[in-house]
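Residues 49 to 662, numbered by the numbering used here, are exactly what the sequence shown covers, in order.
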Amino acid sequence: MCGIIGYVGPRNAETVVIDGLRRMEYRGYDSAGIAVLSDGVLSARKKAGKLINLETELEVEPLPSAQLAIGHTRWATHGAPNDVNAHPHLSSNGRIALVHNGIIENFAELRAEAESRGAVFRSETDTEVAAQLLGLEVADGTELGDAMRAICRRLEGAFTLVAIDAAEPDRIVAARRNSPLVVGVGEGEMFVASDVAAFIEFTREAVEMGQDEVVEVTRDGFRVTDFAGHEVQGKPYHVDWDLSAAEKGGYDWFMRKEIYEQPKAVQDTLLGRYNAKRELTLDEIRIADSDLKRVDKIIVVACGTAFYAGLVAKYAIEHWCRIPCEVEIASEFRYRDPIVTPNTLLVTISQSGETADTLMAVRHAREQGAKVVAICNTNGATIPRESDAVIYTHAGPEIGVASTKGFTTQIAAAYLLGLYLAQVRGTKFGDEVAAVMAELESMPAKIQQVLDNTGQIHALAQRLRDTKSVLFLGRHVGYPVALEGALKLKEIAYLHAEGFPAGELKHGPIALVEQDMPIFVVVPPRGRDQLHDKVISNIQEVRARGAHTIVLVEEGDTTVEPYADEIVYLPKASTLLQPLLATVPLQIFACQVATLLGHDVDQPRNLAKSVTVE
Ligand code: M6R
Numbered sequence: 049m050c051g052i053i054g055y056v057g058p059r060n061a062e063t064v065v066i067d068g069l070r071r072m073e074y075r076g077y078d079s080a081g082i083a084v085l086s087d088g089v090l091s092a093r094k095k096a097g098k099l100i101n102l103e104t105e106l107e108v109e110p111l112p113s114a115q116l117a118i119g120h121t122r123w124a125t126h127g128a129p130n131d132v133n134a135h136p137h138l139s140s141n142g143r144i145a146l147v148h149n150g151i152i153e154n155f156a157e158l159r160a161e162a163e164s165r166g167a168v169f170r171s172e173t174d175t176e177v178a179a180q181l182l183g184l185e186v187a188d189g190t191e192l193g194d195a196m197r198a199i200c201r202r203l204e205g206a207f208t209l210v211a212i213d214a215a216e217p218d219r220i221v222a223a224r225r226n227s228p229l230v231v232g233v234g235e236g237e238m239f240v241a242s243d244v245a246a247f248i249e250f251t252r253e254a255v256e257m258g259q260d261e262v263v264e265v266t267r268d269g270f271r272v273t274d275f276a277g278h279e280v281q282g283k284p285y286h287v288d289w290d291l292s293a294a295e296k297g298g299y300d301w302f303m304r305k306e307i308y309e310q311p312k313a314v315q316d317t318l319l320g321r322y323n324a325k326r327e328l329t330l331d332e333i334r335i336a337d338s339d340l341k342r343v344d345k346i347i348v349v350a351c352g353t354a355f356y357a358g359l360v361a362k363y364a365i366e367h368w369c370r371i372p373c374e375v376e377i378a379s380e381f382r383y384r385d386p387i388v389t390p391n392t393l394l395v396t397i398s399q400s401g402e403t404a405d406t407l408m409a410v411r412h413a414r415e416q417g418a419k420v421v422a423i424c425n426t427n428g429a430t431i432p433r434e435s436d437a438v439i440y441t442h443a444g445p446e447i448g449v450a451s452t453k454g455f456t457t458q459i460a461a462a463y464l465l466g467l468y469l470a471q472v473r474g475t476k477f478g479d480e481v482a483a484v485m486a487e488l489e490s491m492p493a494k495i496q497q498v499l500d501n502t503g504q505i506h507a508l509a510q511r512l513r514d515t516k517s518v519l520f521l522g523r524h525v526g527y528p529v530a531l532e533g534a535l536k537l538k539e540i541a542y543l544h545a546e547g548f549p550a551g552e553l554k555h556g557p558i559a560l561v562e563q564d565m566p567i568f569v570v571v572p573p574r575g576r577d578q579l580h581d582k583v584i585s586n587i588q589e590v591r592a593r594g595a596h597t598i599v600l601v602e603e604g605d606t607t608v609e610p611y612a613d614e615i616v617y618l619p620k621a622s623t624l625l626q627p628l629l630a631t632v633p634l635q636i637f638a639c640q641v642a643t644l645l646g647h648d649v650d651q652p653r654n655l656a657k658s659v660t661v662e
């Protein structure tokens with residue numbers, strides 16, 4: 049995905065746009081660019097690499113002072129991440145500058161048409177076709193808003209476009225289909241951006257844009273239409289966090305800050321959901337109880353870390369609700385002809401609410417008549433907007449590309465949903481729901497306890513920083529925790545890391561074990577079942593083959609001592625809630641190893657915060 053911004057108002061537009069890009073750089077950092085309109089002339093600067101390269105370029109070749117500008121930070125899809133392919137793209141007649149997030153699928157045929165009308169292309173991108181077509185339209189006398197609507201009707205794929213016209217010194221026109229766009233409403237100034245973080249410094253009043261809509265913005269107001277030109281009402285909202293949430297606040301990385309925010313984030317996810325009558329009240333679940341009672345299958349669909357949160361949720365949902373629950377990677381779901389009926393409840397989990405594969409799963413399920421509940425962190429994002437109901441995690445902005453508080457709050461929200469279904473369907477008594485809620489509410493303090501004791505993990509990271517390969521083992525809900533621990537290490541430390549169900553090891557993966565290979569093992573609490581003892585056996589199996597075992601276990605459990613090279617003690621929790629604690633040391637370990645290796649923890653190579661293309 050990419051980050052895009054437009055500004056019109058009395059401030060120095062270059063500064064506003066560059067600061068906005070800095071706050072959206074997590075969305076893509078292959079290149080960055082800016083265009084300003086000053087005295088009827090468009091000027092642009094764009095540079096491959098991170099935003100800092102563009103800032104250096106701007107010092108060497110300053111832009112004229114302007115009060116209208118657009119900017120872009122790119123995660124490349126079409127065309128290499130070089131200077132030429134960086135946005136903004138200018139029409140060859142010099143009228144239009146345009147930035148784009150998404151993919152224009154029919155760009156080849158449109159490019160041929162634009163070339164036949166005299167446009168001269170410079171880049172290899174799909175985006176340039178939109179700039180050239182707009183340039184041709186306005187040169188033919190069509191005003192910018194109408195020109196934007198006309199080309200949007202012809203574009204296929206996913207796009208947010210922001211464009212300015214050299215002949216219109218006070219106007220920005222933006223459009224969206226399947227990619228995010230939000231309008232920021234200031235006093236005598238206006239913003240359009242992919243994310244409110246881009247303008248949160250100046251205003252917390254925002255307007256949500258619907259699917260297939262165009263917004264025309266001047267410094268005094270805005271007007272929204274559909275692609276056919278009919279006026280529509282944007283949905284205004286107040287952003288409930290401020291600039292400090294979008295800054296590092298003294299931490300070296302956003303990721304580390306977000307790890308440490310987890311007690312508060314989980315608390316906020318749970319806040320106000322359980323009333324004095326000891327009833328769960330999920331007001332956002334706008335699905336009738338009769339429909340929820342009819343549900344005969346739940347499918348959780350998500351990607352990456354959110355998928356692992358879904359794997360955790362499955363254990364709880366099936367246990368509490370006695371409804372079969374499948375968990376599927378969104379990119380696989382749609383293309384295998386899944387069995388979805390009106391009695392299926394689709395649950396999507398997405399921090400950003402923008403992930404294209406997850407969005408497509410929502411649409412597919414709704415076409416089959418299923419109800420959809422979204423678990424999401426981003427107010428007004430496309431996935432919750434297109435779902436029947438939403439549980440917002442209220443975790444505050446997650447800016448580090450590696451998801452951390454996203455994961456723990458998604459688990460908390462999915463548990464709320466599971467308990468709510470159990471309450472509605474009567475599969476749990478009120479006192480049973482109350483007991484789980486009480487334990488859930490005790491988790492923020494326990495997460496804090498884990499965070500107060502990170503010295504051991506930092507020392508471990510120091511000792512293991514040169515390791516080449518790390519395994520993570522768990523069973524039951526400990527298995528997705530293992531997967532998440534491995535993913536964190538892969539994506540920011542670039543280490544080979546794998547998570548396995550501990551019992552599956554001897555069916556193949558144990559062949560990977562070498563002398564001194566670090567293996568993290570999540571041990572379930574000692575309880576009624578045999579799970580705990582089985583995992584202890586698995587630890588012995590890898591230790592016998594030379595592994596260096598790092599065992600995460602609840603405090604007071606000394607049974608692991610003979611088989612563990614290192615023990616990380618966790619506060620006591622029941623099996624289902626243990627992931628909220630066991631994940632935290634693994635996040636810190638990955639963050640610390642990556643820091644010691646000198647990697648950019650917040651912006652790991654090849655990645656972007658959310659994947660808005662299929
Ligand atoms: O925004 P989403 O939760 O839908 O994103 C899903 C994945 O792309 C995301 O969790 C990704 O795996 C993270 N980089 C993991 O840290």
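A virtual CB, placed ideally from N, CA and C, is assigned to each residue, including glycine.
Would you grab the beta carbon distance between residue i and residue j for me? Rounded to a whole angstrom, and I think it's under 8 Å.
i, j, result
"residue 345", "residue 372", "5 Å"
"residue 601", "residue 617", "7 Å"
"residue 239", "residue 52", "Not a contact, Cβ separation roughly 11 Å."
"residue 522", "residue 570", "4 Å"
"residue 92", "residue 145", "6 Å"
"residue 76", "residue 94", "With 8 Å as the limit, residue 76 and residue 94 do not qualify as a contact, their Cβ atoms being about 13 Å apart."
"residue 61", "residue 116", "6 Å"
Please tell me whether residue i and residue j are closer than 8 Å, where the distance is taken between their beta carbons.
i, j, result
"residue 196", "residue 224", "no"
"residue 666", "residue 494", "No answer is possible for residue 666: the residues shown for the chain start at 49 and end at 662."
"residue 120", "residue 173", "no"
"residue 56", "residue 218", "yes"
"residue 658", "residue 402", "yes"
"residue 232", "residue 245", "no"
"residue 556", "residue 520", "no"
"residue 169", "residue 161", "no"
"residue 459", "residue 627", "yes"
"residue 70", "residue 111", "no"
"residue 518", "residue 445", "no"
"residue 410", "residue 435", "yes"
"residue 455", "residue 317", "no"
"residue 430", "residue 228", "yes"
"residue 222", "residue 208", "yes"
Specify, as a first and last residue, the run of the beta strand (DSSP E) that residue i falls within.
i, result
"residue 520", "517-522"
"residue 194", "It is not in any beta strand (DSSP E) - residue 194 instead sits in the alpha helix (DSSP H) that spans 192-200."
"residue 238", "238-241"
"residue 149", "144-152"
"residue 253", "253-256"
"residue 222", "220-225"
"residue 467", "It is not in any beta strand (DSSP E) - residue 467 instead sits in the alpha helix (DSSP H) that spans 453-473."
"residue 95", "89-96"
"residue 495", "Segment 478-499 is the alpha helix (DSSP H) holding residue 495; no beta strand (DSSP E) there."
"residue 50", "Unbroken run through residue 50: none, as it is neither H nor E."
"residue 617", "614-618"
"residue 633", "Counting along the chain, residue 633 falls outside any beta strand (DSSP E), though it belongs to the alpha helix (DSSP H) covering 627-644."
"residue 394", "392-398"
Terminal residues of the continuous alpha helix (DSSP H) containing residue i?
i, result
"residue 685", "The shown model of the chain, from 49 to 662, leaves out residue 685, and the question about it has no answer."
"residue 369", "352-369"
"residue 575", "Per DSSP, residue 575 belongs to no alpha helix (DSSP H) and is neither H nor E."
"residue 441", "Note, residue 441: premise wrong, no alpha helix (DSSP H); not H, not E."
"residue 83", "Careful: residue 83 lies outside any alpha helix (DSSP H), inside the beta strand (DSSP E) at 79-86."
"residue 602", "Where residue 602 is concerned, there is no enclosing alpha helix (DSSP H), although the beta strand (DSSP E) it sits in stretches over 596-602."
"residue 22", "It is not possible to answer for residue 22, since the shown part of the chain is limited to 49 through 662."
Original post:
Per the contact definition of three or more C-beta pairs closer than 8 Å, is the segment 431-446 in contact with the segment 415-422?
Top reply: yes
Subject >> Residues proximal to the ligand M6R by C-beta, any heavy atom closer than 5 Å >> reply: 351, 352, 353, 354, 398, 399, 400, 403, 450, 451 and 658
Original post:
Taking contact to mean at least 3 C-beta pairs separated by less than 8 Å, is the segment 174-191 in contact with the segment 632-644?
Top reply: no
**OP:** Count the C-beta pairs between the segment 351-368 and the segment 463-473 that are closer than 8 Å, then say yes if the count reaches three, no if not.
**Re:** yes
Original post:
Contact between the segment 375-393 and the segment 333-348: three or more CB pairs below 8 Å?
Top reply: yes
Original post:
Does the segment 348-356 come close enough to the segment 296-307 that 3 or more CB-CB pairs lie under 8 Å?
Top reply: no
Subject >> Cβ contact check for the segment 82-90 and the segment 152-159: 3 or more pairs under 8 Å >> reply: The segment 82-90, when compared against the segment 152-159, does not touch it at the 8 Å Cβ threshold.
**OP:** Determine contact between the segment 289-300 and the segment 254-270, defined as no fewer than three beta-carbon pairs at a distance below 8 Å.
**Re:** no
Subject >> the segment 576-594 contacting the segment 487-501, beta-carbon criterion three pairs below 8 Å >> reply: no
Original post:
Pairing CB atoms from the segment 535-545 with CB atoms from the segment 571-582, are three or more of them under 8 Å?
Top reply: No, the segment 535-545 does not touch the segment 571-582.
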